[in-house]
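K.L.:
In the numbering used here, the protein residues as written are 564 to 917. Dumping the structure here so I can ask a few things about it.
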């Protein structure tokens with residue numbers, strides 16, 4: 564055990580060195596000798612108490628890949644892992660990928676989040692924060708690093724964006740034109756149920772109970788393997804109830820298909836429809852009808868908005884959309900039109916007599 568000293572231009576620097584059973588613990592260079600002596604005391608305590616962790620020299624990228632390969636599959640489906648990898652590769656790896664994981668400081672991550680706020684939404688930064696946190700947390704658990712710096716990094720409060728939705732008239736106009744496309748049934752289901760694209764594409768006929776008038780949402784289509792997999796969350800598994808008229812549309816569609824196919828939304832050759840074909844068809848329909856271009860996922864927002872405006876039932880809307888948190892239903896998926904605002908203002912004025 565010793566305190567190492569060196570001379571620099573601004574004075575002396577001190578560093579603790581502790582040796583035990585062939586293991587050498589070296590502290591950081593300190594300006595004050597007392598600081599190095601405290602490092603020495605801390606090292607001794609860690610060694611004798613058995614709490615000493617010899618930190619890995621692996622880079623953050625090496626650790627992230629281990630996390631994605633070993634830990635992530637136990638908690639997330641393939642689509643979610645793919646999405647997180649994309650975020651990691653684009654935003655995190657270029658900054659921290661080559662750094663040793665144990666060398667990353669909280670203020671460095673906080674600085675990155677501040678810089679990202681200029682170009683990314685709070686939900687995107689929060690997603691990046693969560694990815695880094697899960698990697699650090701796992702390697703602390705495995706005794707590869709001493710601490711998780713993310714515990715000292717503030718993540719932004721999520722502010723759900725108000726996204727574009729269509730009115731009832733725009734929905735009818737879109738579906739009328741979409742009837743000429745192979746992807747019509749995909750759009751029809753999205754706008755009548757609020758299901759996610761992966762959930763719709765994964766539908767088989769045995770997921771629809773025609774007797775009980777129910778769609779059982781149990782699977783998601785993996786965009787990489789084109790195979791059915793697990794849903795995004797537990798709350799995503801749900802039952803969506805159908806009307807007689809809606810069932811008639813599905814029955815008519817089933818009759819038009821090859822009887823050998825089990826897939827509800829099949830391609831012309833009986834396989835799963837590719838998402839890129841859906842996107843292309845949607846853009847073409849919007850161009851042909853003069854409708855504003857929105858994303859496929861906004862069809863889900865549109866359904867949620869129209870469903871709630873008619874039912875006035877937030878809980879039913881939450882369950883129908885498969886949201887784990889009712890706040891998401893209220894803040895992100897529910898949009899009041901100018902017409903609704905005017906109606907509610909009139910209702911209140913009538914109530915007050917003004």
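Glycine is no exception: its CB is placed at the ideal position from the N, C-alpha and C atoms.
1) Use the C-beta contact count for residue 789: other C-beta atoms within 10 angstroms, 16 or more gives buried, fewer gives exposed.
2) If you follow the alpha helix (DSSP H) that residue 733 is in, where does it begin and where does it stop?
3) May I have the straight-line CA-CA distance separating residue 769 from residue 892, to the nearest angstrom?
4) Under 7 Å Cβ to Cβ from residue 604, same chain only, skipping five residues before and after it: list those, please.
5) For residue 572 and residue 626, I'd like the C-alpha separation in whole angstroms.
6) Pairs of beta-carbons, one from the segment 872 to 887 and one from the segment 795 to 803, closer than 8 Å: are there three or more?
7) Would you kindly check if the distance between the Cβ of residue 844 and the Cβ of residue 726 is under 8 Å?
8) Looking at residue 841 and residue 984, is the spacing between their C-beta atoms short of 8 Å?
9) What are the uninterrupted segments assigned as alpha helix (DSSP H) that are 4 or more residues long and contained completely in the segment 637 to 666, given in chain order?
10) Could you please give me the residues that DSSP links to residue 876 through a beta bridge?
11) On the criterion of 16 or more Cβ atoms from any shown chain inside 10 Å, does residue 880 qualify as buried, or is it exposed?
12) Taking Cβ to Cβ, would you say residue 853 is nearer than 8 Å to residue 641?
13) What would DSSP say about residue 635, mapped onto helix, strand or coil?
14) So, using beta-carbon positions, are residue 679 and residue 688 closer together than 8 Å?
15) Given residue 882, which residues of its chain have a CB within under 7 Å of its CB, disregarding the five upstream and five downstream residues?
16) Classify residue 727 as helix, strand or coil using the three-state DSSP reduction.
17) Take residue 645 and list the residues in its own chain whose beta-carbon comes closer than 8 Å to its own, dropping the five residues that flank it on each side.
18) Below 8 Å, can you find three or more Cβ-Cβ pairs linking the segment 802 to 815 to the segment 701 to 714?
19) Who pairs with residue 772 in a beta bridge, going by DSSP?
20) Comparing C-alpha positions only, which one of 693, 621, 651 sits nearest to residue 662?
21) Would DSSP call residue 686 helix, strand or coil?
22) Going by C-alpha distance, which of 685, 676, 686, 624 is nearest residue 657?
23) Do residue 581 and residue 607 have their CB atoms nearer than 8 Å?
24) By DSSP's criteria, residue 829 is part of a beta bridge. Which residues make up the other side?
25) Is the segment 747 to 767 in contact with the segment 814 to 833, if contact means three or more CB pairs nearer than 8 Å?
P.N.:
The relevant details are as follows:
1) Flag for residue 789 reads exposed.
2) 731 to 741
3) Residue 769 and residue 892 have their C-alpha atoms roughly 29 Å apart.
4) none
5) 38 Å
6) yes
7) no
8) Because residue 984 is not part of the residues shown, which for the chain are 564 to 917, the question remains open.
9) Listed in chain order, the complete alpha helix (DSSP H) runs (minimum 4 residues) inside the segment 637 to 666 are 641 to 650, 656 to 659.
10) Beta-bridge pairing links residue 876 to no other residue.
11) Buried: at least 16 other Cβ atoms inside 10 Å.
12) no
13) helix
14) yes
15) In the same chain as residue 882, and ignoring 5 residues on each side of it, the C-beta atoms closer than 7 Å to its own belong to 801, in chain order.
16) coil
17) 786, 787
18) no
19) 777
20) Closest option to residue 662, Cα to Cα, is 621.
21) helix
22) 624
23) It is a contact, given that the beta carbons lie within the stated cut-off.
24) 835
25) Output reads yes: the segment 814 to 833 touches the segment 747 to 767.
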